[in-house]
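S.K.:
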Amino acid sequence: MLQVEGVSRSFGKLVALHDVSLRVDAGSIAGVIGPNGAGKSTLFNLITGLGRPESGTIRFSGKRIDGRPTYWIACLGIARTFQNLRLFPHATALENILTGEHVRLRSNLLEDLVRTPGQRREEEQARARAFELLHLVGLRRAANVRAAALSYGDQRRLEIARALASRPRLLLLDEPAAGMNPVEKDGLAELVRTIHRTGMTVLLIEHDMRFVMGLCEHLTVLDYGERIADGVPQAVRENPRVIEAYLGSELPA
Amino acid sequence: MIFVYIGSTILVAAFGQRIHVPVARIAVYVGLALLLSVGPVLGLGSDATLNTLADAGIFVLLALGLNIVVGFAGLLDLGYAAFFAIGAYTYAMLASPQFGVHLPFWVLLFVGAALAGAFGIILGSPTLRLRGDYLAIVTLGFGEIVPQVFQNLTRFTGGPNGIAALDFPSLFGRSFGTAAFPYYEVTLGLIGVALVTARNLRSSRIGRAWMAIREDELAARHLGINTTRMKLAAFAIGAAFAGVGGVVYAAKLSLVSPDLFQFQVSILVLSMLVLGGMGNIAGVVIGSLVLTLVNQVILPQSNVLAQAAHLPVNLSNAHFFIYGGILVAIMLFRPEGLLPSAQRQAELHESVQADGV
Amino acid sequence: MHEFFAQLVNGIALGGIYALIALGYTMVYGIIELINFAHGDVYTLGSFFSLTILGALGVSGEVRGPLLIVDVGVTIIGAAMLCGIVGILIERLAYRRLRFAGRLAPLITAIGVSFILENVMQVWRGPSPVAFPAVFPTHIYNVGGVGISLLQLAVVTLAIGTMLLLEFFVHHTRFGQAMRATAQDREAATLMGIDINRTIALTFFVGSALAGLAGFVSGAYYQSTWFFNGFGAGLKAFTAAVLGGIGNLAGAMLGGFLIGIIESFATWKLGGQWSNVTVFTILVLTLVFRPAGLLGEVTPEKV
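Chains as they are written, first to last, in my numbering: chain A, 40 to 292; chain B, 717 to 1073; chain C, 605 to 907.
1) How long is the line joining the alpha carbons of residue 50 (chain A) and residue 267 (chain A), rounded to whole angstroms?
2) What are the start and end residues of the beta strand (DSSP E) that includes residue 55 (chain A)?
3) Got a sec, what are the start and stop residues for the alpha helix (DSSP H) residue 193 (chain A) sits in?
4) When you compare each of C:788, C:756 and C:834 to residue 642 (chain C) by their alpha carbons, which one comes out closest?
5) Any residues in the stretch 777 to 789 of chain B with a beta carbon nearer than 8 Å to a beta carbon of chain A? Which ones, in chain order?
6) Since residue 990 (chain B) meets chain C, which of its residues come closer than 8 Å, beta carbon to beta carbon?
7) Any heavy atom of the ligand FMN within a distance shorter than 8 Å of the CB on residue 171 (chain A)?
8) Just reading off the alpha helix (DSSP H) that residue 808 (chain C) is part of, what are its end residues?
9) Going by DSSP, name the residue or residues bridged to residue 102 (chain A).
10) Grab me the residues of residue 1067 (chain B)'s own chain with a C-beta within less than 7 Å of its C-beta, minus the 5 sequence neighbours each way, in chain order.
11) Can the beta-carbon of residue 756 (chain B) be found closer than 9 Å to that of residue 901 (chain B)?
12) Is residue 906 (chain C) buried or exposed, if buried means 16 or more other CB atoms sit within 10 Å of its CB?
13) Taking residue 865 (chain B) as the reference, give the member of C:875, C:751 and C:628 with the closest Cα.
14) For residue 737 (chain C), which residues in the same chain have their Cβ closer than 7 Å to its Cβ, ignoring the five residues on either side in sequence?
15) State buried or exposed for residue 1047 (chain B), treating a residue as buried only when at least 16 other CB atoms are found within 10 Å of its CB.
16) Quick check: the stretch 680 to 696 of chain C against the stretch 844 to 864 of chain C, are at least 3 beta-carbon pairs closer than 8 Å?
17) Here's the rule I'm using: 16 or more other beta-carbon atoms within 10 Å means buried, otherwise exposed. How should residue 158 (chain A) be labelled?
18) DSSP has residue 50 (chain A) in a bridge; who is on the other side?
19) At the level of alpha carbons, what is the spacing between residue 991 (chain B) and residue 708 (chain C)?
20) I want to verify the contact list: residues of chain B whose CB lies under 9 Å from the CB of residue 142 (chain A), in sequence order.
21) Could you tell me the alpha carbon to alpha carbon distance between residue 904 (chain B) and residue 176 (chain A), rounded to whole angstroms?
22) Leaving out the 5 sequence neighbours to the left and right, which residues in its chain are closer than 6 Å to residue 745 (chain C) when beta-carbon positions are compared?
23) Is residue 907 (chain B) near residue 814 (chain B), with beta carbons less than 9 Å apart?
24) At least one CB of chain E closer than 9 Å to the CB of residue 162 (chain A): is that the case?
25) Whose C-beta lies closer than 8 Å to the C-beta of residue 290 (chain A) among residues of the same chain, with five residues either side of it excluded?
26) For residue 928 (chain B), which residues in chain A fall below 7 Å Cβ to Cβ?
27) When you check each C-beta in the stretch 879 to 890 of chain C against every C-beta of chain B, which residues fall closer than 8 Å?
28) Does the Cβ-Cβ distance between residue 197 (chain A) and residue 118 (chain A) come in under 9 Å?
29) Are any of the Cβ atoms in chain A nearer than 9 Å to that of residue 975 (chain B)?
30) Using a 10 Å radius around the Cβ and a threshold of 16 neighbouring Cβ atoms, would you call residue 797 (chain C) buried or exposed?
31) Taking the straight line between their C-alpha atoms, what separation do you get for residue 619 (chain C) and residue 191 (chain A)?
32) Give the secondary structure of residue 886 (chain B) by DSSP, where H, G and I count as helix, E and B as strand, and everything else as coil.
33) What are the start and end residues of the beta strand (DSSP E) that includes residue 746 (chain C)?
34) Taking residue 960 (chain B) as part of the alpha helix (DSSP H), name the residues at either end of that continuous run.
35) Let's see if you can read the secondary structure: which residues bound the alpha helix (DSSP H) around residue 141 (chain A)?
36) Thinking just about the alpha-carbon of each residue, which of C:887, C:727, C:614 and C:633 is nearest to the one in residue 1035 (chain B)?
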């Protein structure tokens, strides 16, 4: 479904990614791991059109998407969350999700202006769907609470719900478990599994190895912008290069 | 009279949104609309009062338009008066002896809106990618260029003197003349349209897209929102409001000149928004009414009083100070504007109900 | 050809004034990313302060000999100090609270401050232009057929001299280093023990003092000033800062001279009524096509 081939990107003298390749098959849960500064976020940014790779290609469902505008890639069916949460803080949880449905709604400016029956029906459906998503992430009761007033864990879940609202075909999660306690992490892993069971393809970035090991079917390991390992979690964990890369920071458990 | 109007508007704004039974809310709105529109027919309000209200109404229109750009989409437009000028000159050139063209007012309302909107798109398409503060300065530059160009193209625009003796609008063959009443009614009707437009747009797909751009543009793009196009829409719609306001303004004054559209006008309208609360429709209406009242009634009256008391002050020059003071004080101490956002509270109430179902 | 050089000289002198104002814009933007809209009005204040000081010194016309240097020196230092203090006050009272409030709230506040200053000056010195004594002797040097006045020489010398001093200040003093560190990364600067508030206040002081200097120069050059002077001049100086690359001192200087020359030629060739339109068109075009300016670097968006 997603094919990253030989992608390189540098910022000035700093090489963020060097000749990185990656495949995500439809219906799978894949993970990209690596120590801080390994280039994981840069990879996500390139996939969602924040910047253009200096070489290499990125394909989604066979279509070239590298260097395309972000909104265009989102319309194709790639949704993401952010490492440092990017909700709309002053909008309610419900409004956040409704905004996520943007690409699915068809009403145009004039229809919005005069509120045609079709537009009203569509808005009704959008709200119903938004409530379903709120239910899915356990935030139904918080529908009309401002995003900024939610707890950190709830904000993370809301951001996932917002990403799902566009009915993407691929969901990118950027360090979804960052800053969570072990209980919250378990809950999150359960949520990701639930989403995956609906047929969603998921690619996530993490540096918490334990979280990824239990969740992902396929792992890619980056270190200093290079891919040092790729395969099923068990094999990756025993790879000497991975152990070396993680030595001193976090040993794979 | 003027206080009755403003007082009742404030009442509706403050409480209208808290009334949950839709019938009651609609009744309040209809009642207010009737009072405002039929009242003068029955002789309520002097010509001078209606004149002030009509002027205030034009600024309400401008403020509602600028609110879409600044309040909804979060784009600071410091050259809004340019679009006002474009609307006004449209009427002046196409309904006056200037070129001997005499198109009807009602047609020119649309032409003015369309032309201003088109200029909004022309200015916006290259500039809306810029960061917020740069965009503000570009619009400011545009706002300086437009009146200057109108002033310089003497052959078409009458130069610094502008264009005078514009046609009076007419309806069913009856000319509006110089009485304030018909202009007042027209303005009121346009405000009604503007209010519905603003409200409908805010709580729809495009309104949410604007909210997203305002709150976090990068996240908005990741939700598939074509931010450039949505900003352009906000810019064009806001400009169109100003264009309509300009046409009415020119027709009512029967005169246009470049000095009516200086930077101060843009800042006056911005102060109205800031005072009432950016993004808050009712607040914006009240903010513009209050500031017009200050400009047209309170300052001149205080001046008369001051002179009667032989005080050595001239308050007619205090406009700058008042606008500046509003901008600074509100931004520092109450950035959400004076009117508390009743809507947010209402939403919090509704949430309990919705969940209880 | 003669006229061409006369306009060039004229433009360079005008540009010197813009350059001095632009330095203040660029320093403040460099450190807190705020378009200090009130900066142009601080420049006008500089003219009025100079006027007051000259009055106190009993100067009402041309001064000759060593006394010229004394009078001008006292006036410049006085006006610059006063403007610097006003700058610190503005930052302290209006901007500091909003340092983390995004980009638009401080900008709106700055516009408000500008309007307040203009109104205060209008009340203080009246709504019409005020005469400014012609301090400098009207001596004209003939350089290859082009007349250059002592005043024009003084303007350019002052502008370039200030620029060199500033470059030295920013690159070779502790305050300058603190300023650059704060501009680059405020958090890191705090960790290094730099007092952010003091550094920002100092930046405002220096920028505003330069505006005060420019206020004196323009008063002496045009022999008149008025309360609304700073709006147009400020906008043009800001254009200069943007054209040169905002945050870049040499860029502000270059931009200032370019804008002065362009305005001068626009006035000559197109007529005075088109000079503003020309400058603002340059502002719009620069921001659209090269927002980093002539000497600036393009910075990528932070995620």
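Quick reminder that beta carbons are idealized off the backbone N, C-alpha and C, glycines included.
M.R.: Looking at the coordinates:
1) 21 Å
2) 53 to 63
3) 191 to 203
4) C:834
5) none
6) 712
7) You won't find the ligand FMN in this model; it holds no ligand whatsoever.
8) 800 to 826
9) A:99
10) Summary for residue 1067 (chain B): the model assigns pLDDT 41, below 50, so the residue's position carries little reliability; its value from the coordinates is reported in the next sentence. Once the five neighbours on either side are set aside, residue 1067 (chain B) has no close Cβ partner at all.
11) yes
12) Annotation note: pLDDT 40 at residue 906 (chain C) (below 50); position unreliable, coordinate value reported separately. Within 10 angstroms of the beta-carbon of residue 906 (chain C) lie fewer than 16 other beta-carbons, which makes it exposed.
13) Closest by alpha carbon: C:875.
14) 658, 663, 664 and 665
15) buried
16) Proximity of the stretch 844 to 864 of chain C to the stretch 680 to 696 of chain C falls short of the contact definition, fewer than three beta-carbon pairs being nearer than 8 Å.
17) buried
18) A:53, per the DSSP bridge assignment.
19) 15 Å
20) Simply 939, 940 and 941.
21) 47 Å
22) 752
23) no
24) Absent from the structure: chain E. Protein chains present are A, B and C.
25) A caution first: residue 290 (chain A) carries a pLDDT of 49, below 50, which makes its placement in the model unreliable, though a value can still be read off. Counting only residues of its own chain and dropping the five nearest sequence neighbours on each side, residue 290 (chain A) has a CB closer than 8 Å to the CB of 282.
26) 127 and 138
27) 880, 881, 884, 885, 887 and 888
28) no
29) No - not a single Cβ of chain A is within 9 Å of the one on residue 975 (chain B).
30) exposed
31) 53 Å
32) strand
33) 744 to 747
34) Its alpha helix (DSSP H) spans residues 943 to 969.
35) Here residue 141 (chain A) belongs to no alpha helix (DSSP H), and DSSP marks it neither H nor E.
36) C:727
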